[in-house]
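The structure appears right after this line, and notes come after that.
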Amino acid sequence: MTAVIYTLGVLAFLVGVVISIALHECGHMIPARKFGVKVTQFFVGFGSTVWSTRRGETEYGFKAIPLGGYVKLVGMLPPAPGDDPHAVRSSNTGLFTQLVSDAREAEYETVTVEDEPRLFYRLPWYKKVVVMAGGPIVNVVIAAFLFAIVVMGFGVEQPTTTVQQVSDCAISDEEAGRACTANDPPTPAAEIGLLPGDEITAFGGTEVASWDELTRLIRANGDQTSTITYLRDGASQTVPVTTSVIERLAIDDPERVENVGFLGVSPEFAYQRQGPLYVGEVMWETTKRTAEAIAHLPVRMVDVVKAAFGAERPDDSPISVVGASRVAGELVTVDDPTWAERAQRVLTLLASLNLFLALFNFVPLLPLDGGHIAGALWEGARARWARLRGRPDPGPVDVAKMLPVAYVVGIVLIVMSVILIYADIVNPVSIS
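In the working numbering, the protein residues as written are 19 to 450.
Structural data, given as structure tokens:
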């Protein structure tokens with residue numbers, strides 16, 4: 019049964035990935051069509067075509083390798099200044115010049131005179147930004163939607179005021195994990211007879227509705243005598259308690275150690291639904307972690323290469339779609355979760371993936387969407403500067419000149435993908 023559930027988790031994740039890719043490409047195609055651009059292809063995946071169908075002027079389909087997708091917007095590359103876009107130059111010198119010339123030739127092979135007004139490069143710069151940013155923005159919306167389902171629908175595991183465990187002795191954070199000895203003083207909770215299952219409702223006469231509130235009251239109590247109120251078997255009891263003082267990490271600054279009041283209980287956890295503001299907090303924290311991961315990706319790839327040849331692989335190592343699929347399988351089987359927890363875990367993984375895809379695609383390098391956005395923004399800035407100086411509009415930015423960079427970046431991304439996939443097969447990241 020575990021194998022079946024594992025497989026279902028992998029398949030559910032892969033279906034989510036395919037849908038995310040398709041919606042990303044819709045984010046490009048829909049505004050492009052609204053602006054009149056001719057769209058001839060809409061494919062999910064790369065490589066050989068598995069299935070396709072034509073609707074109007076656009077061919078839709080799936081390709082063999084579901085690691086991305088693309089929309090063919092006709093006229094992405096402008097013709098060279100002074101050139102007839104349908105005429106092939108008689109000669110080219112230099113490898114890069116030949117690459118650019120060949121790309122222009124391929125771009126205009128099927129362009130007719132009727133297509134001329136519908137070429138992408140003729141769009142105003144701000145419409146180009148809308149089209150190219152549409153894909154990553156859709157991924158952001160998907161991430162927000164999935165996080166909202168998880169946080170507002172299923173809820174987030176939060177500590178409650180119900181006691182799960184009573185510590186026998188007071189041990190500092192530095193000594194956490196060791197067994198109690200005869201020299202260790204008993205915890206205040208053990209001394210007053212608190213038991214697992216007791217629900218703490220007030221401390222020092224102040225009612226508490228959350229674990230955070232209770233923690234702050236206990237910490238602030240130092241070594242003073244106070245009262246604690248709790249429910250046991252439906253009956254409320256209030257007893258005096260003298261908290262001890264122990265070293266703990268500060269709540270507002272995890273780098274600082276402070277002496278605080280200590281009771282000696284740990285809480286039960288329960289799923290609690292949160293509001294939209296919490297969704298925003300989750301999005302912001304995940305965005306910061308994702309941006310940091312992308313910034314350090316080249317350095318962390320060194321560890322992946324080492325892991326591919328036998329070195330120990332860090333738990334927070336970058337992974338490919340293959341690795342993420344394995345993680346999805348483990349998430350739905352580890353710790354024998356409920357079906358709701360399984361759905362929550364897969365949706366959270368998909369939300370994080372979509373946020374990564376969005377931020378990665380905003381990197382201002384061709385062939386990523388961010389490269390095209392940067393070109394369009396430069397086009398707008400250049401036109402504005404020309405107007406301020408009383409000069410004519412210099413026209414569209416010739417992104418074809420950046421094709422050599424795009425090819426290099428593309429090759430690097432392919433190599434990274436191959437290394438990640440290989441490492442995920444021979445030395446995968448495991449959460450169990």
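From the three backbone atoms N, C-alpha and C, an ideal C-beta is built for every residue, glycine too.
If you're wondering where the values come from, they're calculated on a predicted model, not measured in any experiment.
Where the alpha helix (DSSP H) through residue i begins and ends
{"i": "Ser335", "result": "First-last for Ser335: undefined, no H or E at that position."}
{"i": "Val350", "result": "First-last for Val350: undefined, no H or E at that position."}
{"i": "Ala392", "result": "387-406"}
{"i": "Phe378", "result": "357-379"}
{"i": "Thr233", "result": "229-239"}
{"i": "Ala220", "result": "Unbroken run through Ala220 is the beta strand (DSSP E), 217-221; no alpha helix (DSSP H)."}
{"i": "Glu209", "result": "206-210"}
Sequence-distant residues of the same chain with beta carbon closer than 6 angstroms to residue i, five excluded per side
{"i": "Ala151", "result": "Ile391"}
{"i": "Ala288", "result": "Thr178"}
{"i": "Arg318", "result": "Pro336"}
{"i": "Gln362", "result": "Val168, Phe172"}
{"i": "Gln176", "result": "Gln290"}
{"i": "Ile439", "result": "Ser338, Val340"}
{"i": "Ala207", "result": "Val184, Leu281, Gly282, Val283"}
Straight-line gap, residue i to residue j (C-alpha atoms, nearest Å)
{"i": "Arg72", "j": "Val89", "result": "14 angstroms"}
{"i": "Val169", "j": "Arg136", "result": "43 angstroms"}
{"i": "Ala82", "j": "Val131", "result": "34 angstroms"}
{"i": "Ala50", "j": "Leu91", "result": "8 angstroms"}
{"i": "Gly65", "j": "Glu123", "result": "22 angstroms"}
{"i": "Glu231", "j": "Val278", "result": "15 angstroms"}
{"i": "Gln182", "j": "Tyr144", "result": "57 angstroms"}
{"i": "Gly293", "j": "His42", "result": "27 angstroms"}
{"i": "Gln290", "j": "Tyr296", "result": "12 angstroms"}
{"i": "Pro96", "j": "Trp357", "result": "53 angstroms"}
{"i": "Arg409", "j": "Trp403", "result": "9 angstroms"}
{"i": "Val323", "j": "Arg234", "result": "46 angstroms"}
{"i": "Pro203", "j": "Val263", "result": "11 angstroms"}
{"i": "Asp186", "j": "Ala238", "result": "22 angstroms"}
{"i": "Ala105", "j": "Glu75", "result": "Only weak support is given to the placement of Ala105: the predicted model assigns it a pLDDT of 48, under 50, and the value that follows is read from those uncertain coordinates. Distance between the alpha carbons of Ala105 and Glu75 is about 24 angstroms."}
Other residues of its chain near residue i: CB distance less than 8 angstroms, five sequence neighbours each side excluded
{"i": "Ser38", "result": "Asn157, Ile160, Leu368, Leu371, Asn372, Leu375"}
Nearest neighbour of residue i, chosen from the options [CA to CA]
{"i": "Pro412", "options": "Arg400, Thr356, Gly74, Gly86", "result": "Arg400"}
{"i": "Gly393", "options": "Ile48, Gly408, Val147, Ala21", "result": "Val147"}
{"i": "Arg140", "options": "Ala424, Tyr440, Lys56, Val340", "result": "Lys56"}
{"i": "Leu395", "options": "Glu125, Phe380, Thr205", "result": "Phe380"}
{"i": "Pro336", "options": "Val320, Phe327, Val350", "result": "Val320"}
{"i": "Asp334", "options": "Phe378, Arg307, Leu431", "result": "Arg307"}
{"i": "Gly171", "options": "Val340, Glu359, Thr261", "result": "Glu359"}
{"i": "Pro285", "options": "Ile218, Leu164, Phe80", "result": "Ile218"}
{"i": "Glu225", "options": "Pro206, Ala346, Leu249", "result": "Leu249"}
{"i": "Ile240", "options": "Arg234, Ala227, Thr261", "result": "In the sequence under discussion, the amino acid at residue 240 is Gly, which differs from the Ile named in the question. Ranking the options by Cα distance to Gly240, first place goes to Thr261."}
{"i": "Leu29", "options": "Thr305, Ile443, Leu349, Val427", "result": "Leu349"}
{"i": "Val427", "options": "Pro316, Gly347, Val352", "result": "Pro316"}
{"i": "Val415", "options": "Thr180, Gly389, Leu431", "result": "Gly389"}
Within-8 angstroms CB hit, residue i to chain D
{"i": "Gly282", "result": "Among the chains in the structure shown there is no chain D, since it carries only a single protein chain."}
Neighbourhood of residue i by C-beta, 7 angstroms cutoff - its chain only, sequence neighbours within 5 removed
{"i": "Tyr78", "result": "Phe60, Ser70, Thr71"}
{"i": "Ser435", "result": "Leu85, Ser338"}
{"i": "Ala325", "result": "Arg331, Ser335, Ala441, Asn445"}
{"i": "Met47", "result": "Val57, Phe60, Val89"}
N-terminal and C-terminal residue of the beta strand (DSSP E) that residue i is part of
{"i": "Pro446", "result": "Pro446 -> no beta strand (DSSP E), and no H or E assigned at all."}
{"i": "Ser284", "result": "283-290"}
{"i": "Ala253", "result": "253-260"}
{"i": "Tyr88", "result": "76-91"}
{"i": "Thr305", "result": "Run containing Thr305: none in the beta strand (DSSP E); it sits in the alpha helix (DSSP H), 294-313."}
{"i": "Arg51", "result": "Here Arg51 belongs to no beta strand (DSSP E); instead the alpha helix (DSSP H) covers 20-52."}
{"i": "Val156", "result": "Counting along the chain, Val156 falls outside any beta strand (DSSP E), though it belongs to the alpha helix (DSSP H) covering 143-166."}
{"i": "Asn201", "result": "Run containing Asn201: none; DSSP gives neither H nor E here."}
{"i": "Arg73", "result": "57-73"}
The ligand ZN heavy atom lying under 7 angstroms from the CB of residue i
{"i": "Ala404", "result": "Among the ligands in the structure shown, none appear at all, so the ligand ZN cannot be discussed."}
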